[in-house]
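Residue numbers for the sequence shown follow our numbering, so the first one is 8 and each next one is one higher.
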Amino acid sequence: MAEKKKTNPQALQDGKKNSKKKAPSKVEKPNNSKKMLLSVAPYVMLVIALVFALCIMIVQFIDEDGAGFIGLWISNLLCGLLGGAAFLLPIEMIYVNLRQILFNIRWKDSDRRHDSDTYFDYAKAKKKLTLTSVMARVSVILLAILLDVIIAANDTFDIVFMWEEGIELASGGIIGGIFGVLMMLAFKQVISIILLITLLAVAVIFMLGLTPDYIIERIRENRERKREELAYMEAQIAAEEEARRREEKKHPQKVAYTPVAAARPEKKQNPEKEEYTDEKEDDENDEFEEDKPLSPVPPKFPMENEPETYIGPSQEMLEAEERRRAGVSPIADDILYKAENDTVKDFGGEEDFDRAEFTSLDDFIKNAGLKSEDTDVDVDMPIDMSQITNEELLSDAAEVAPEESDGEEEEPEIIIPYTYPPIELLNTNPDTDTEDHTEELQANARKLVETLRSFKVGIQEITYSRGPTITRYELKPQAGVKVRSIANLVDDIALNLATSGVRIEAPIPNKPAVGIEVPNQNRATVYLRDLIDNPKFKEAKSKLTSSLGMDVGGNPIYFDIAKMPHLLIAGATGMGKSVCINSVIISILYKAKPEEVKLILIDPKKVEFAIYRDIPHLYAPIVSDPKKAAGALASAVAEMERRFELIEEVGVRDIKTYNEVTENDPAKEFMPHMVIIIDELADLMMTAPDEVESSICRLAQKARAAGIHIIIGTQRPSVDVITGLIKANIPSRIACTVASQVDSRTIIDIAGAEKLIGRGDMLFAPVGSAKPMRVQGAFVTEAEVENIVTFIKENNAKAKYNSDFVSKIEEEAAKCGMGKKGAAMAEIPAGADDIEGGDTKFRDAVKLAIETGKISTSLMQRRLGVGYGRAAKIIDTMEQMGYVSRPDGNKPRNVLITMDEYMRRVSEGTLGSSEE
Numbered sequence: 008m009a010e011k012k013k014t015n016p017q018a019l020q021d022g023k024k025n026s027k028k029k030a031p032s033k034v035e036k037p038n039n040s041k042k043m044l045l046s047v048a049p050y051v052m053l054v055i056a057l058v059f060a061l062c063i064m065i066v067q068f069i070d071e072d073g074a075g076f077i078g079l080w081i082s083n084l085l086c087g088l089l090g091g092a093a094f095l096l097p098i099e100m101i102y103v104n105l106r107q108i109l110f111n112i113r114w115k116d117s118d119r120r121h122d123s124d125t126y127f128d129y130a131k132a133k134k135k136l137t138l139t140s141v142m143a144r145v146s147v148i149l150l151a152i153l154l155d156v157i158i159a160a161n162d163t164f165d166i167v168f169m170w171e172e173g174i175e176l177a178s179g180g181i182i183g184g185i186f187g188v189l190m191m192l193a194f195k196q197v198i199s200i201i202l203l204i205t206l207l208a209v210a211v212i213f214m215l216g217l218t219p220d221y222i223i224e225r226i227r228e229n230r231e232r233k234r235e236e237l238a239y240m241e242a243q244i245a246a247e248e249e250a251r252r253r254e255e256k257k258h259p260q261k262v263a264y265t266p267v268a269a270a271r272p273e274k275k276q277n278p279e280k281e282e283y284t285d286e287k288e289d290d291e292n293d294e295f296e297e298d299k300p301l302s303p304v305p306p307k308f309p310m311e312n313e314p315e316t317y318i319g320p321s322q323e324m325l326e327a328e329e330r331r332r333a334g335v336s337p338i339a340d341d342i343l344y345k346a347e348n349d350t351v352k353d354f355g356g357e358e359d360f361d362r363a364e365f366t367s368l369d370d371f372i373k374n375a376g377l378k379s380e381d382t383d384v385d386v387d388m389p390i391d392m393s394q395i396t397n398e399e400l401l402s403d404a405a406e407v408a409p410e411e412s413d414g415e416e417e418e419p420e421i422i423i424p425y426t427y428p429p430i431e432l433l434n435t436n437p438d439t440d441t442e443d444h445t446e447e448l449q450a451n452a453r454k455l456v457e458t459l460r461s462f463k464v465g466i467q468e469i470t471y472s473r474g475p476t477i478t479r480y481e482l483k484p485q486a487g488v489k490v491r492s493i494a495n496l497v498d499d500i501a502l503n504l505a506t507s508g509v510r511i512e513a514p515i516p517n518k519p520a521v522g523i524e525v526p527n528q529n530r531a532t533v534y535l536r537d538l539i540d541n542p543k544f545k546e547a548k549s550k551l552t553s554s555l556g557m558d559v560g561g562n563p564i565y566f567d568i569a570k571m572p573h574l575l576i577a578g579a580t581g582m583g584k585s586v587c588i589n590s591v592i593i594s595i596l597y598k599a600k601p602e603e604v605k606l607i608l609i610d611p612k613k614v615e616f617a618i619y620r621d622i623p624h625l626y627a628p629i630v631s632d633p634k635k636a637a638g639a640l641a642s643a644v645a646e647m648e649r650r651f652e653l654i655e656e657v658g659v660r661d662i663k664t665y666n667e668v669t670e671n672d673p674a675k676e677f678m679p680h681m682v683i684i685i686d687e688l689a690d691l692m693m694t695a696p697d698e699v700e701s702s703i704c705r706l707a708q709k710a711r712a713a714g715i716h717i718i719i720g721t722q723r724p725s726v727d728v729i730t731g732l733i734k735a736n737i738p739s740r741i742a743c744t745v746a747s748q749v750d751s752r753t754i755i756d757i758a759g760a761e762k763l764i765g766r767g768d769m770l771f772a773p774v775g776s777a778k779p780m781r782v783q784g785a786f787v788t789e790a791e792v793e794n795i796v797t798f799i800k801e802n803n804a805k806a807k808y809n810s811d812f813v814s815k816i817e818e819e820a821a822k823c824g825m826g827k828k829g830a831a832m833a834e835i836p837a838g839a840d841d842i843e844g845g846d847t848k849f850r851d852a853v854k855l856a857i858e859t860g861k862i863s864t865s866l867m868q869r870r871l872g873v874g875y876g877r878a879a880k881i882i883d884t885m886e887q888m889g890y891v892s893r894p895d896g897n898k899p900r901n902v903l904i905t906m907d908e909y910m911r912r913v914s915e916g917t918l919g920s921s922e923e
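Structure representation (structure tokens):
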């Protein structure tokens, strides 16, 4: 018994093993055949899908008999069942079978076994493929239903009608029609369309594999990846901190700062002045530690392998100091402007300076301030301040004026040479800054370094450039420091420096540095005289050279209006917009003669430009009425077109070449440059927005070659005033202080103007510049402007306005007041009675009637572009002359004149009069 109990289990186990081994051999052939079928089936379905597509395309679009009997049968079958959705069926089949082929290639037999490690992924992919196949079929059916609801909108079950309409692609076929009728009966057409579009979108999303599980899995993977990256960064920072602590224990040291006037490490200096004792360094560091804390982070710790941070003046400041020591004017060569003759520098780059060498800090402080009486201004020619009266000029001109032979006496045209206003009419700078700001600048630089270092931002070098109102600190970060990490610390920097209005420029164009602009404690004023009384301004050949202000390094900034070629100046009220416009006008009065540059001033506020009344540079009286302002812009467009006609006659491309070619031709007109200045655009956009916007856009697009330029000022920088069309056509812009980032982006397309400090502080973005530059605008008082205008009026000829331009302004203003319809009626000439049929379109209307065989007001409106009233009047005239029949209800009138009769009357000139 015991032996049987031992042997029976063994026999059972052997039987089980044998059964397991034999099982696969029994189903081996079915599995192989099934595998063969599954692998070949997708390729067969691809061929079938292509056949379906070819049959449908040939039958529907090429030739009904081009696909043969079977092709026609297949096309009719698919279209009869699915309607227009039959075109999507081959595409769906191709997509699904390609997915099946890729699935078979991806998953091998070993992956499909239940005991395989990848079986779970295989099952998941198979489920996803099945869902894709099902949703692809559902998408085709939903599309058929949607087409039936939209096109057929049938609510009766007529299978034959559905089949026929499906073949004609006028419904969703039988399948779409059955479900479409159910949808129409249940929800009507509008709700059915909304539901079907929603369901179709969901089906397509699932067909493409964008299931909720897929989306959630992707989100989870992104979170895990970010968590791993954060953990890696924290571990790396911890390792660096540990290495830094070990280094401090081995080699304890203090952070050393190079004094302000000390040279760079690579430059050779006097050894006696270069070396400092440890006792002096300890004293300096002790004083600095007493001014802490700057932030809650531990204040001082040296960065790993960090070199000494250079703190000192920038190259621009050192170059300017070298010129002061040489006795040169402090603003003689600091010009960022360049004209075509290479006398001035174009915007878009900064001049490169070499760092000047100083022997000691005492020499630097000694030469830092320059007194006003030590400044020598070179004047090209002495200015005669004796007043020239008009009586003397008139008496001299009367002696040489030819006598008039006619009985009617006319005053001879007297050309009085233009007398430029003297520079003494502008105020000098009374607050010449001679104070040494070295300690303030160096202290702020140290605070910046320590603040950034407390946030794990290492600085390799820091230099500074002190301007009239702000100081720019240029930081060169160490390797591996991101620029964004510095830009995000603007609020922390402002907190530690105890100031507001800190602006970060990261990076500075054409420099491997980040600029931090900090307002000065003692702000200086930039006077217009310092800019105009400059050799570079006098030597510039362009008559449209204008003074703007000084940049952050104290360098004068000029711009050529001809190169802008149009300018937008915008900012909040009282932030320097009007002063900037006055600086531009005064620069033109100092630079150009009246016959070289003409001004058109538009002042809706009636008080800004009133002081410039009757100056000889005016092309027309100052326009203050908003309707006349719109007319002035329209007249400027007409003047632009007239100039282009003259330029075309000569065969040149622009006004400069035209004046050069016609210089010795007295029969040709000399065309001066013309500058249109608008002080407040918002009021014009409220009065006549369409006319003003259209005129400004046309001038901005074409007027540069004709020598016409626009300067627009506004204190409301909103999108309804500075529209997209206006901003797109005006490339150069100036942004004064604004209230929000939205206003700043409206003006210069980037934020930053909201951080300006006002009183002439502006961002200047000339055409072609990558980033705007910060400029302190020049200041000119009303008393200075009044003195200059008075001098020009007393010593020069009176303003001579262009009568044709002034009359054109009145005409265009009248059209703006009448509106669009009134302006269209105003185009009919005054002497319309002398024209054929009383209208310039009468001949065209008669010819149109003969060619079409009928005439009506609607036809004339479409073909001739006239209004209803004008068309009706022309038809009444044609009826009176017997050219068309009387009205017959709503039918068009019959034409009673032939083409031969029309040609005879046109040749005889009797088309507009009836023959007896």
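Using N, Cα and C, we set each Cβ at its ideal position, and we do this for glycine too.
Short check: CB of residue i to CB of residue j, under 7 Å?
i	j	result
Q783	G556	yes
I101	A56	yes
I816	K635	yes
A637	A710	no
V147	L95	yes
E819	A599	no
E584	G720	Position check: residue 584 holds Lys in this sequence, whereas Glu was assumed. Against a cut-off of 7 Å, the Cβ pair of G720 and K584 comes out as a contact.
R479	E524	yes
G578	C743	yes
K854	L871	no
L538	P563	yes
Q708	N671	no
Identify, in the order they occur along the chain, each residue of the same chain with its Cβ nearer than 8 Å to the Cβ of residue i, setting aside the five sequence neighbours on each side.
i	result
I200	L153, V156, I157
L653	Y665, K675, E676, M678
I729	L575, A577, L688, T721, T753, I754
What residues in its chain sit with their C-beta under 7 Å from that of residue i, if we drop five residues either side in the sequence?
i	result
F786	T532, V533, Y534, L535, V586, G767
C62	A74, G78, I81, S82
K135	G216
Kindly indicate which three-state DSSP category residue i falls into: helix, strand or coil?
i	result
K261	Only weak support is given to the placement of K261: the predicted model assigns it a pLDDT of 42, under 50, and the question is left unresolved by the model.
G90	helix
D907	helix
F1001	A query on residue 1001 cannot be resolved here, the shown segment of the chain reaching from 8 to 923 and no further.
V796	helix
M169	helix
L109	helix
T470	strand
Q485	coil
D811	helix
F164	coil
From the DSSP output, which residues share a beta bridge with residue i?
i	result
G720	I576
I477	P526
L608	I684
N104	DSSP output for N104 lists no bridge partner at all.
D558	V782
K861	N901
D768	Q783
S585	Note: S585 sits in no beta bridge, so no partner.
Return the chain-ordered list of same chain residues with a C-beta closer than 6 Å to the C-beta of residue i, the five sequence neighbours on each side being excluded.
i	result
G173	C86, G87, G90, G180
G187	I152, D155, V156, G179
I718	L574, I684
Could I get the ranges of all uninterrupted alpha helix (DSSP H) runs contained in the stretch 625-704, with 4 residues as the minimum, in chain order? 633-657, 662-668, 688-694
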